Structures are given as structure tokens and as C-alpha cells.
Amino acid sequence: MASPAVKTPEAIVTLQDEHRYMNLLLGTLEEQVQASDLSTSADYFLVQDIVRYLHDYPDTVHHPTEDLLFDKLVRRKPDSEKDVARLRRDHDKLSENTAEILQLLNDAAEQPTPEAAAAVRLALDNFTGRLRRHMRFEESRMFPAAVQCLAKRDWRGIESRFNAVQDPLFGPAVDRDYRVLYEYFANRANSLSRSATRFGFLQLDSMIVGADAVESGIVDMIEMLQRHAESLAQESRETMRTAFNIRSPGAALAAPVRFAGFIGKTGIGIACDTADISIRTIKNVVRPLWNDSS
Ligand SMILES: [Fe+2]
Ligand SMILES: [Fe+2]
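With this note's numbering applied, the sequence shown corresponds to residues 18 to 311, in that order.
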């Protein structure tokens, strides 16, 4: 009999989400330094924000949380010790890297010279390669091993760390320091730059796109109701004028009957328009999710 599927622990889901966010940021770093000659201070602003985030959150929460996970893994699976030691060294090195790159970026932004730009490019190139290799190894070897070997009480200790600190950019509240970076990604999402989501910015991106779709659906609905309200008011005025201004009793009676027919037809029209707007809104909300998972 096949063994039952092991449910992915919440801590692993969070770590994987954070890897996706980091991959998105690394991709953005590369885009920024490729698209710019880094000749002015402003060319460094976004890059500085990204590296500062990587130093503030992954270096202080993500990697130490993994260190805790690795401690527990070595206790349950002693033959993982060598890999764990290497990943711990990586964590130290990555934290040193981000601190050094921040310094390089500050210097380059203060005095943007071709030499400073070249030093930044080299340092970022080494850093992005190192972090990507590191994450790939964790995803392919260490996380699956942890899922297999760790006990429930191990996971509780790891998850409590995530509950203690919130991600200042991708968490439920965006920290003031990262508003510009958040806006940058929100604008990308708004312009439906789907390449961003391919690298893992699914949650925030879809949330923004979804909110847009709902908002535009509501705007369509209000416009449609206003349109029908105007035609109803006009038809009502016309019926009153006809009913009271004509002398023939038959024609006067026919006016409210015509109005009742108009109300019935309008009601059907409103129902059809409402259904159409609802379907369009749902499609617009779902489409980004569908595209990302395809
Ligand atoms: Fe790690
Ligand atoms: Fe990691």
C-alpha cells in the first residue's frame, strides 16, 4: 500500500515563499543593473532598497530560522551534518556579502564613477549566484529531508520564530522603509508584467491584480446602474407627461402599460449586464493565478 502523503509543514511553506520572494528580488537586481549605466546616484536607489531588505530580513530571520531547522535535522539525521555545516557557512557569508554590498552601494551612490559601478556589478553578480545556488540546494535536499525526519514538536519551535517577526516587505503590513520598493512592485503588477510572478511574486502580485479587477467591476456596476437609472427616470417622466396631457382615456391607460413593459425589459437588461460584469470580474481575478500556475 502506498504510504500516505506527508503534509508540508507551515514553516517549510513559509521558507519556500521567502525563497520565491528572494528570487524575485535577485531577478530585479539583475534587471536594474543591466538596464542602467549606474552613472547617477538615482540609479542606485532601488538596488540599495533591495539589498537593504535582503540584509534586514533574510539575513536576520530567514537564515537564522533555517539554522534552527538544521540543528533539529542533524539531531534526527546525523549524516546531514556535513551539508548543514556548509549551509551555515553560506549563511554567514551571505550576511557578510549583503553588508559589504550595502557599503559599496552607498559609496557608489555618493560618488558614481565607472570603477564604483564595476565593483557593484561584480559584487552583485557573485552574490546573486551564491544565493541562488544556496536556495536550490536547500529546496532540493534539505527541506525534503526535514519534512521526512522532523517531529511535530520540532516544527512548533521553528514556526514560532516566524510568528515573532513579520516580513517588512512581503508581510501583512509594509514597513515605511520599504514603501518605495512595494510601490515599484505594485506598479509592475498593475501593468500586468507577468514575468514578475513567474519568479515567485505570486501572492502580493495576484492580490493587487485581484483587487484591481474587483474595483473595476464595481466601477462598471455603478456606471451601469447610473445609466439605467437615467433611462428609467426619463421614461417615467415621459409616461407621466403622456398620461396626464392626452385627452383619450384609452391612450392614457396605455401609457402606464408601456411603462410596465419598459420596466420589465430594463430589469432583464440589468440582470444580463450584472451577470456579464460579474463574469468579467471573476475572469480578471482568476486569470493571473491561472497564468502563473500554467
Ligand atoms: Fe539558507
Ligand atoms: Fe533559505
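Glycine is no exception: its CB is placed at the ideal position from the N, C-alpha and C atoms. For clarity, every value in this text was computed on a predicted model and none was experimentally measured.
Contact check, SER314 vs PRO129, beta carbons under 7 Å
Outside the shown range of the chain, which is 18 to 311, sits residue 314, and nothing can be said about it.
Does the stretch 117–128 come close enough to the stretch 145–156 to have 3 or more Cβ pairs within less than 8 Å?
No, because fewer than three Cβ pairs between the stretch 117–128 and the stretch 145–156 fall closer than 8 Å, the two stretches do not touch.
Test item, CB below 6 Å from any non-hydrogen atom of ligand 2
Qualifying residues come out as LEU32, HIS36, HIS79, GLU83, MET152, GLU155.
Local conformation of LYS24 per DSSP, three classes
coil
Give the secondary structure of GLN51 by DSSP, where H, G and I count as helix, E and B as strand, and everything else as coil.
helix
Taking 7 Å as the threshold (C-beta atoms), are PHE179 and THR31 in contact?
yes
My output table needs one value for SER157: the three-state DSSP class, helix, strand or coil.
Correct three-state label for SER157: helix.
Quick check on LYS110: does DSSP put it in helix, strand or coil?
helix
Out of curiosity, what's the CA-to-CA distance linking GLU83 and GLY174?
12 Å
Given VAL64, which residues of its chain have a CB within under 7 Å of its CB, disregarding the five upstream and five downstream residues?
LEU46, GLN49, VAL50, LEU122
Cβ of TYR61 within 7 Å of Cβ of ALA168?
no
Using only the alpha-carbon positions, how far apart do THR115 and LEU104 sit?
16 Å
Report the three-state DSSP secondary structure of PHE87 (helix, strand or coil).
helix
Sub-7 Å separation of HIS36 and HIS80 beta-carbons:
no
Beta carbon of LEU86 nearer than 7 Å to that of SER97:
Cβ distance not < 7 Å, so LEU86 and SER97 don't count as in contact.
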